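Asker: Heads up: the sequence shown at position 217 corresponds to 217 in the UniProt record's numbering, and the numbers run straight through without jumps.
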Amino acid sequence: MSKEIAGKSGLWRSAQLSVAPMMDWTTRECRYLHRLMSKETLLYTEMVTAPALVRGGALHLLDHDPREHPVALQLGGSDPTELAEAARLGAEAGYDEINLNCGCPSDRVQSGAFGAVLMQSPELVADCMAAMAEAVDVEVTVKCRIGVDDQTPEEILPGFLEQIRAAGVSRVTIHARKAWLQGLSPKENRDVPPLDYELVHRMKAAFPDMHISINGGIATLAEAEAHLARGLDGVMIGRAAYHQPADVLCAADPRIFGSGEASDPVEVVQQMLPYIEREMQKGARLHQVTRHMLGLFAGRPGARQWRRHLSEGVSQKGAGPELVEEALGLVVARAA
Ligand SMILES: Cc1cc2nc3c(=O)[nH]c(=O)nc-3n(C[C@H](O)[C@H](O)[C@H](O)COP(=O)(O)O)c2cc1C
């Protein structure tokens with residue numbers, strides 16, 4: 001399926017499918033791997049906090065490979081001036097989009113008054129987004145929840161979207177469940193409370209001019225296609241894209257974007273070898289790259305041998321790309 005959206009940035013097309021921002025998971029090594037599987041899918045960084053960039057000067061957090069495009073930087077923060085500066089640094093570093101995290105319920109994030117707690121302060125979010133939009137030429141977007149704690153999503157979400165739209169945001173990703181700010185761990189907050197996909201579809205009907213992506217619990221391309229066919233503009237996939245990247249990403253280009261051929265996980269591994277070599281020459285540990293590759297053959301013959309060979313061999317002295325080649329040999333032998 002492919003939808004042409006006239007007059008909008010190329011990212012409106014790319015965002016038909018995206019891989020969610022995930023701390024410690026969607027590192028640049030992971031994004032490089034995902035990009036080899038799909039040329040079109042929009043990729044998100046882990047959240048980078050505005051204070052770390054602006055006050056801490058941690059510009060290495062913006063490092064990425066030119067081959068990752070289209071790639072969006074997700075920021076965390078709640079101070080408009082600081083976010084504007086962080087957005088500027090992100091755009092200068094080459095990111096195609098700057099996204100604000102209004103969905104993450106973790107304690108650490110709450111203490112800095114950002115993440116999902118911002119669902120309670122739509123005016124502040126609007127101020128942040130207006131400041132970011134003013135600071136950069138690339139698109140600024142929001143990733144949010146349908147509400148938090150005792151908010152009634154049906155009541156508060158339209159107001160939230162109106163406010164950010166007035167501030168210059170025209171693309172948003174909605175994680176279709178509320179976040180509980182107290183009493184649930186961030187992990188629990190990804191599976192409970194229940195998902196409300198219908199509410200997100202109603203938001204698309206109410207805001208037809210906005211590009212709305214749905215997120216939460218979507219595990220297959222077939223589910224993604226069903227949401228797109230019903231009129232949503234995009235689907236964001238998190239955990240499934242990480243754990244079974246080949247199932248989600250290898251056929252994404254032909255199926256979601258109507259372009260190119262499905263990629264082959266065996267060829268993807270072969271293309272990773274020179275990258276691994278380069279990264280190790282720059283001082284990376286093998287594990288930094290291969291930990292994101294463990295699920296590559298999930299559900300396929302040889303998956304167990306692949307995972308085991310990589311996991312067991314990675315910490316051995318001198319382990320390098322040859323280990324990955326050997327593990328691939330086991331997969332190819334099982335498939336033959
Ligand atoms: C390990 C992990 C880290 C995450 N880190 C972030 C983050 O940095 N920013 C964010 O907006 N959401 C974060 N999330 C939430 C995901 O982006 C996504 O909204 C959530 O996992 C639901 O989508 P899914 O069911 O497809 O996984 C994280 C999720 C996981 C599993």
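Built from N, CA and C at the ideal position, the CB exists for glycine as well. This one's a predicted model, so the numbers in the text were calculated from it and none came from an experiment.
What would DSSP say about Leu328, mapped onto helix, strand or coil?
Answerer: Here Leu328 sits in helix by DSSP.
Asker: Closest to Tyr197 by CA distance: which of Arg165, Thr290 and Ile146 is it?
Answerer: Among Arg165, Thr290 and Ile146, the Cα nearest to that of Tyr197 belongs to Ile146.
Asker: Can you find at least 3 beta carbon pairs, one from the stretch 47 to 62 and one from the stretch 75 to 92, that sit closer than 8 Å?
Answerer: Touching, per the Cβ criterion.
Asker: Applying the criterion that 16 or more other CB atoms from any shown protein chain within 10 Å of the CB defines a buried residue, is Pro245 buried or exposed?
Answerer: With 16 or more other Cβ atoms within 10 Å, it is buried.
Asker: Assign Leu310 to one of two classes, buried (16 or more other C-beta atoms within 10 Å of its C-beta) or exposed (fewer than that).
Answerer: Leu310 should be labelled buried.
Asker: Report the rounded CA-to-CA distance for Arg255 versus Gly56, giving the unit in angstroms.
Answerer: Rounded to whole angstroms, Arg255 to Gly56 spans 42 Å at the Cα level.
Asker: Please specify which runs of the beta strand (DSSP E), each continuous and at least 3 residues long, are wholly inside the stretch 166 to 241, giving them in chain order.
Answerer: Correct list: 171 to 175, 211 to 215 and 234 to 237.
Asker: By how many angstroms is the C-alpha of Glu40 removed from the C-alpha of Val248?
Answerer: Distance between the alpha carbons of Val248 and Glu40 is about 13 Å.
Asker: What are the start and end residues of each continuous alpha helix (DSSP H) run of 4 or more residues lying completely inside the stretch 68 to 138, in chain order?
Answerer: With a minimum length of 4 residues, the continuous alpha helix (DSSP H) runs that stay inside the stretch 68 to 138 are 80 to 93, 107 to 111 and 122 to 135.
Asker: Just to confirm, does Pro21 get its C-beta within under 7 Å of one of the non-hydrogen atoms of ligand 1?
Answerer: Pro21 Cβ: within cutoff of ligand 1.
Asker: Within the present structure, is the beta-carbon of Trp12 separated from the nearest heavy atom of ligand 1 by less than 7 Å?
Answerer: Incorrect: Trp12 has no Cβ contact closer than 7 Å to ligand 1.
Asker: Does the beta carbon of Ile214 come closer than 8 Å to any beta carbon on chain B?
Answerer: Considering every chain present, this structure includes no chain B. It has just one protein chain.
Asker: Mind checking whether His227 and Trp12 have CB atoms under 8 Å apart?
Answerer: No, Cβ-Cβ distance for His227 and Trp12 is not below 8 Å.
Asker: Using only CA atoms, which one of Gln270, Ala251 and Ser121 lies nearest to Val332?
Answerer: Residue Gln270 is the option with its Cα nearest to Val332.
Asker: Kindly give me the distance between the Cβ atoms of Met119 and Gln163, rounded to whole angstroms, as I take these residues to be in contact under 8 Å.
Answerer: The pair is not a contact, with the Cβ atoms about 11 Å apart (cut-off 8 Å).
Asker: Have a look at Ala335 and Gly295 and give me their C-alpha separation to the nearest angstrom.
Answerer: Their Cα atoms are separated by approximately 16 Å.
Asker: Should Arg291 be counted as a contact of ligand 1 given a C-beta to heavy atom distance under 7 Å?
Answerer: Result no, Cβ not under 7 Å from ligand 1.
Asker: Excluding the five sequence neighbours on either side, which residues of its own chain have a C-beta within less than 6 Å of the C-beta of Ala91, listed in chain order?
Answerer: Taken in chain order, the residues that qualify are Val136 and Val138.
Asker: So, helix, strand or coil for Ala6, using DSSP?
Answerer: Note on Ala6: pLDDT 44, under 50, position unreliable in the model; no value is reported.
Asker: Sort Thr290, Trp306 and Lys143 by Cα distance to Phe297 and report the nearest one.
Answerer: The candidate whose alpha carbon is nearest that of Phe297 is Trp306.
Asker: How far does the beta strand (DSSP E) with Val248 in it reach, from first residue to last?
Answerer: Val248 -> not in any beta strand (DSSP E); alpha helix (DSSP H) instead, spanning Pro245 to Leu249.
Asker: What does a CB cutoff of less than 7 Å around Ala303 pick up in its chain, not counting 5 residues either side in sequence?
Answerer: Once the five neighbours on either side are set aside, the close Cβ partners of Ala303 are Phe297.
Asker: Just to check, is the beta-carbon of Gln74 closer than 7 Å to a non-hydrogen atom of ligand 1?
Answerer: Checking every heavy atom of ligand 1 against the Cβ of Gln74, one is found closer than 7 Å.
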